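Student: Residue numbers (the UniProt record's numbering): 1 to 162. I have a structure I would like to understand better, so I am pasting it below and will then ask my questions one at a time.
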């Protein structure tokens, strides 16, 4: 009797795992396809020959941001919008660390959560998500800094969490 129960439980467990894997793949397939398309666009239409990672940026429009290197190993960033890519060498603008330092330089209490290249009003920039503890809670912010010179463009203040 115990053998039948154990076999039944094992079968249910295996079926559940298979169903979860299929569900996970179904949900993520579109994102994976967009990343693959971004890599193909970047490597075929820019000087970037290898892509290290691809991130999603959603602003006014959705962009795939590709980080990689050209044939000589020089770091580059590409903003991909559909089948079009805009590439800049990483040293043509401020770095991710410089964008983060701008935020912490404004207020040492700012805790940077992430920084990602993006586009706002047609301007290539760094979007920095950070939070700051205030007297009556915690508030999250998005800071926007021009990619080319680090000029602060805007700060979006989100609602406070207690």
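Positions of the beta carbon are idealized from the N, C-alpha and C atoms, including for glycine. These figures come from a predicted structure and were not determined experimentally.
Report, in whole angstroms, the separation of the C-beta atoms of residue 55 and residue 129, which I expect to be a contact under 8 Å.
Tutor: At roughly 13 Å, the Cβ-Cβ gap does not stay under 8 Å, so residue 55 and residue 129 are not in contact.
Student: Per the contact definition of three or more C-beta pairs closer than 8 Å, is the segment 99-106 in contact with the segment 136-146?
Tutor: A contact exists between the segment 136-146 and the segment 99-106.
Student: Name, in chain order, the residues that DSSP records as bridge partners for residue 70.
Tutor: 48
Student: Check whether the Cβ atoms of residue 93 and residue 154 sit closer than 7 Å, and answer yes or no.
Tutor: no
Student: I'd like to check one pair, residue 85 with residue 46: are the Cβ atoms closer than 7 Å?
Tutor: yes
Student: Grouping DSSP H, G and I as helix and E and B as strand, with all else coil, what is residue 110?
Tutor: Residue 110 falls in the strand class under three-state DSSP.
Student: Just tell me which of 37, 118, 72, 23 has its CA closest to the CA of residue 65.
Tutor: 118
Student: Determine which residues share a DSSP beta bridge with residue 170 and list them.
Tutor: Outside the displayed span of the chain (1 to 162) sits residue 170, for which this structure offers no information.
Student: DSSP state of residue 221, grouped into three classes?
Tutor: Residue 221 lies beyond the range of the chain shown here (1 to 162); nothing can be said about it.
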